[in-house]
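To keep things clear, I will list the structure first and then write my remarks on it.
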Ligand SMILES: [Zn+2]
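Numbering (my numbering), first residue to last: 2 to 205.
Next up, the structure:
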């Protein structure tokens, strides 16, 4: 027998996903907007604008152990975002090991694992390391964010990074400071690396 699914938003039973059709249409989608790009990242694709109820769901996912959101968000990403056909590697924005210990999990990593499993693209958990513990970005403006994350990542010297197309997964794109710093770090090791980023939401 099929397991019953209940809508995460209205709690009504629904067919297969954890979101009913009606609630799906009422969410703040951004897929109709042009995708973003930066000097470091070829394309940044996001599902939603970072507003209610999505901002609250992301908070629950990140800080309140609502890990059932892993399936919901990863399924929506797979359904609505595009993986460039040349993608060879999936990674998640890493947490510093102290923060990972406090929180117990890395929400971006949970998404990346699901997406890799579904697409059968290789997932490399240890390719990039966050060796500098950074302050929370919430109260910072764009240039402070950039300074805060500067040189916070490094590439694991034990893993060879060849010229390839990498998909990076993160939860929210705000100023882009973290994702750009990660992309910059990857490109320092392999100049011609192509980078696509997926996030659940982006600040509008
Ligand atoms: Zn619903």
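Idealized CB from N, CA, C, for every residue including glycine.
Checklist entry - According to the neighbour-count rule (16 or more other Cβ atoms, all chains shown, within 10 Å of its Cβ), is residue 46 buried or exposed? => result Counting from 1 along the chain shown, the entry for residue 46 is found at position 45. Buried.
Checklist entry - Does the beta carbon of residue 27 sit closer than 8 Å to a beta carbon anywhere in chain B? => result No chain B appears in the structure shown, which is made up of a single protein chain.
Item to check | Residue range of the unbroken alpha helix (DSSP H) whose run includes residue 174 | outcome: Walking along the chain shown from the start, residue 174 turns up at place 173. Run containing residue 174: none in the alpha helix (DSSP H); it sits in the beta strand (DSSP E), 166–174.
Next on the checklist: Quick check: what's the CA-CA separation for residue 53 versus residue 29?
Outcome noted: Position 52 of the chain shown, counted from the start, is the residue given in the question as residue 53. Position 28 of the chain shown, counted from the start, is the residue given in the question as residue 29. Cα-Cα distance, rounded: 8 Å.
Checklist entry - Roughly how many whole angstroms lie between the Cα atoms of residue 71 and residue 78? => result Sequence index remark: in the chain shown, residue 71 carries index 70 (1-based). Sequence index remark: in the chain shown, residue 78 carries index 77 (1-based). Between residue 71 and residue 78, the alpha-carbon positions lie close to 11 Å from each other.
Checklist entry - Which partner residues of residue 129 appear in the DSSP bridge assignment? => result For the purposes of this step, residue 129 is taken as the residue at position 128 of the chain shown. Residue 129 is bridged by DSSP to 156.
Checklist entry - Given residue 195, which residues of its chain have a CB within under 6 Å of its CB, disregarding the five upstream and five downstream residues? => result Translated into the one-based positions of the chain shown, residue 195 becomes position 194. If we look at residue 195 and ignore the five residues flanking it on each side, its Cβ neighbours are 43 and 166.
Checklist entry - For residue 92, which of helix, strand or coil comes out of DSSP? => result Working through the chain shown from its first residue, we reach residue 92 at position 91. Residue 92 falls in the strand class under three-state DSSP.
Checklist entry - Leaving out five residues before and five after residue 34 in sequence, what residues of the same chain have Cβ atoms less than 8 Å from its Cβ? => result Translated into positions along the chain shown, residue 34 becomes position 33. Residues of the same chain with a CB within less than 8 Å of the CB of residue 34, apart from the 5 flanking positions on each side, do not exist.
Next on the checklist: Does residue 95 pass the burial test, meaning 16 or more other C-beta atoms within 10 Å, or should it be called exposed?
Outcome noted: Position 94 of the chain shown, counting from 1, holds the residue named residue 95. A residue is called buried once 16 or more other Cβ atoms fall within 10 Å of its Cβ, and residue 95 is buried on that count.
Checklist entry - Okay, do the region 178–190 and the region 54–71 touch, 3+ Cβ pairs below 8 Å being the bar? => result No, the region 178–190 is not in contact with the region 54–71.
Next on the checklist: What would DSSP say about residue 56, mapped onto helix, strand or coil?
Outcome noted: By 1-based counting over the chain shown, the position of residue 56 is 55. In the structure shown, residue 56 adopts helical secondary structure according to DSSP, grouped into three states.
Checklist entry - Just to confirm, does residue 23 get its C-beta within under 7 Å of one of the non-hydrogen atoms of ligand 1? => result As a first step, residue 23 is located in the chain shown; it is residue number 22 there, counting from the start. Indeed, a heavy atom of ligand 1 lies less than 7 Å from the Cβ.
Checklist entry - Should residue 105 be labelled buried (16 or more other beta-carbon atoms within 10 Å of its own) or exposed? => result Here residue 105 is taken as the residue at index 104 of the chain shown, counted from 1. It is exposed - the Cβ of residue 105 has fewer than 16 other Cβ atoms within 10 Å.
Next on the checklist: Suppose the cutoff is 6 Å on Cβ atoms and the five residues either side in sequence are ignored; what does the same chain contact list for residue 93 look like?
Outcome noted: Numbered from 1 along the chain shown, position 92 holds the residue referred to as residue 93. 109, 110, 113 and 170, listed in sequence order.
Checklist entry - Under a Cβ-count criterion, where at least 16 other Cβ atoms within 10 Å of its own Cβ denotes burial, should residue 197 be classed as buried or exposed? => result Here residue 197 corresponds to residue number 196 of the chain shown, with the count starting at 1. Classification of residue 197: buried, given that the 10 Å Cβ count is 16 or more.
Item to check | Where residue 64 falls, given that 16 or more other Cβ within 10 Å makes a residue buried | outcome: Position 63 of the chain shown holds residue 64. Classification of residue 64: exposed, given that the 10 Å Cβ count is below 16.
Checklist entry - Which residues in the same chain have their Cβ closer than 8 Å to the Cβ of residue 149, if we skip the five residues on either side of it in sequence? => result The count along the chain shown starts at 1 and reaches residue 149 at position 148. Counting only Cβ-Cβ distances below 8 Å, and skipping sequence neighbours, we find 135, 136, 138, 141 and 178.
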